Amino acid sequence: MRDHGAGWQAQGMIPTRTVHVGYAVTMALLVVLTIGAGSDAGWGAWGAIAAMSALYLLLGRRALEASAAASAAGAGSVAPLPSAVVFLALVIPAATWGVASLSSFAIVQCVLCPLVWLLLDRVRDAVIGTLVLTGSIAVGFVLGFGDLPGALPTMAVSQGLSLGGSIALGLWITRIADLSHERLHLLEGLRAAQAQVEELGREAGAARERERLSADIHDTVAQDLTGLVMLAQRGRRELRGGETDAMEETLAQLEDGARDALTQTRAIVAATAPVEL
2 MRDHGAGWQA QGMIPTRTVH VGYAVTMALL VVLTIGAGSD AGWGAWGAIA AMSALYLLLG
62 RRALEASAAA SAAGAGSVAP LPSAVVFLAL VIPAATWGVA SLSSFAIVQC VLCPLVWLLL
122 DRVRDAVIGT LVLTGSIAVG FVLGFGDLPG ALPTMAVSQG LSLGGSIALG LWITRIADLS
182 HERLHLLEGL RAAQAQVEEL GREAGAARER ERLSADIHDT VAQDLTGLVM LAQRGRRELR
242 GGETDAMEET LAQLEDGARD ALTQTRAIVA ATAPVEL
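Take the sequence shown: its position 242, counted from the start at 1, is 243 in the numbering used here, and no numbers get skipped.
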C-alpha cells in the first residue's frame with residue numbers, strides 16, 4: 002500500500018456529514034447502555050460521554066472538516082493537522098476512561114476507528130493511530146476488570162478483532178481511494194487528449210479551407226482580373242489608334258468582365274461565411 006496516495010478525505014469516501022451523524026448516534030447509544038447498566042456504570046461512563054461529546058463539538062468536527070479540505074487540496078497524502086492530533090490525543094483517553102467504567106463502552110471504537118483514518122491521511126499515521134486506540138481501549142478493559150488474568154480473554158478477543166478489522170478495512174478503503182484517484186487522473190488525461198485532437202482537427206480543417214479558398218480565388222477571380230487587365234490594355238491601344246467602335250466594344254467587355262468578377266467574389270465570400278446556428 003502506497004503511503005502517498007489520495008486518502009479517504011481526498012476522494013470523499015465518507016462524507017463529513019455522515020461522520021457527524023454516526024458520532025451522534027454512537028453517543029446516544031452509549032447513553033442508552035449507561036442507563037441500562039444502572040449503578041454498575043458509575044459516574045465515569047457519564048463523564049466519558051460528556052467529555053467525548055464536548056471534544057467533538059469543540060475540536061473534532063472542525064478538525065474533520067479542515068482535514069477534508071487539506072486532503073482535497075493536496076497532491077497526495079498530507080501530514081496530520083495539529084487540531085486532528087490534539088482531538089485524538091484527548092478523545093482516546095476519554096474513551097479509555099469510559100471502557101474502564103463500563104466494558105460495553107468499547108463500542109465507541111466503531112466510530113473512533115474510522116475517525117482515525119479520516120483525520121490521519123497517511124496510511125502509516127492511520128495504522129499507528131489505530132494501534133494506539135485499540136491499545137488504550139485494552140488498558141481500559143484491564144482497569145475495568147481489576148486484574149489482568151480475568152480481563153485477558155475479553156481484551157484479547159475484542160481488541161484483536163478491532164485492531165485487525167480496522168486496519169484491514171482501512172487499507173482496503175484506502176486502496177479503493179487510490180484507484181479512484183488514478184482513474185480520475187486517467188480520465189482527465191483522456192479529456193485533455195480529446196480536446197487536443199479536436200483542436201488539431203479544427204486547425205487542419207481551417208488549413209484545408211484556406212487552401213480551397215486560395216484555389217477558388219486563383220481559378221476564378223485571378224483569371225477574371227487577368228482578363229480585365231488584357232481588355233484594358235487593348236482598349237488603350239484602340240484609344241491611341243482612334244478606333245472608336247472597337248474601343249466601345251472593348252469597354253463593354255471590360256464592364257461585363259468586371260461584373261462577372263464581382264459576382265464570383267460575392268459567391269466565394271458567401272460560401273466561406275460561418276453558418277448561424
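Every residue, glycine too, gets a C-beta built ideally from N, C-alpha and C. Only a predicted model underlies this, so the values are computations on that prediction, with no experimental measurement involved.
When the options are compared against residue i, the one with the closest alpha-carbon
i    : options                   : result
L60  : A90, A71, S40 and S102    : A90
G171 : A29, Y57, C111 and A196   : C111
Q234 : Q265, Y24, Q254 and G37   : Q254
T1   : A42, A69 and I50          : With the chain covering only 2 through 278, there is no way to say anything about residue 1.
I138 : R123, L113 and A127       : L113
G141 : I168, L116, S105 and G130 : S105
Y24  : P81, A85, G39 and I108    : I108
A85  : V270, V117 and A55        : V117
D41  : E199, A80 and L103        : L103
R62  : I93, V20, L30 and M28     : V20
G145 : G45, A196 and D246        : G45
L56  : G39, V87, L82 and A71     : V87
D126 : L214, R211 and L82        : L82
A157 : V143, A247 and I168       : V143
F101 : G43, E199 and V22         : It is Ala, not Phe, that sits at residue 101 in the sequence shown. For A101, the nearest C-alpha among the options comes from G43.
V270 : R184, T27, L185 and R211  : R211
M1   : Q265, M53 and L187        : Residue 1 cannot be examined here, being either before or after the span of the chain that is shown, 2 to 278.
T264 : V22, L240, E250 and L226  : L226
L229 : L187, L252, A67 and G190  : L252
V92  : Q197, G130, R267 and L185 : G130
Extent of the continuous alpha helix (DSSP H) to which residue i belongs
i    : result
R241 : Q224 to G242
I36  : T17 to A38
R83  : This sequence places Pro at residue 83; Arg is not what is there. Residues P83 to S102.
R123 : Premise fails: R123 is in no alpha helix (DSSP H) and is neither H nor E.
A42  : Counting along the chain, A42 falls outside any alpha helix (DSSP H), and DSSP gives it neither H nor E.
Cβ-heavy atom distance, residue i to the ligand MN, below 8 Å
i    : result
E239 : The ligand MN is absent from the structure shown, which contains no ligand whatsoever.
Cβ pair count under 8 Å reaching 3, the segment 125-134 against the segment 157-171: The segment 125-134 is in contact with the segment 157-171.
Three CB pairs or more closer than 8 Å across the segment 252-269 and the segment 195-209: No: the two stretches stay apart, fewer than three of their Cβ pairs being nearer than 8 Å.
The segment 31-43 / the segment 121-130 touching (three or more Cβ pairs under 8 Å): No, they do not touch.
contact_flag[the segment 229-246, the segment 175-187] where n(CB pairs < 8 Å) is 3 or more: By the C-beta criterion, the segment 229-246 is judged not to be in contact with the segment 175-187, since fewer than 3 inter-stretch pairs fall below 8 Å.
Cβ contact (3+ pairs, closer than 8 Å) linking the segment 94-106 and the segment 44-51: In this structure the segment 94-106 lies against the segment 44-51, because at least three pairs of beta carbons, one per stretch, are closer than 8 Å.
Whole runs of the alpha helix (DSSP H) within the segment 123-203, excluding any shorter than 4 residues: For the segment 123-203, whole alpha helix (DSSP H) runs of length 4 or above, ordered along the chain, are 124-146.
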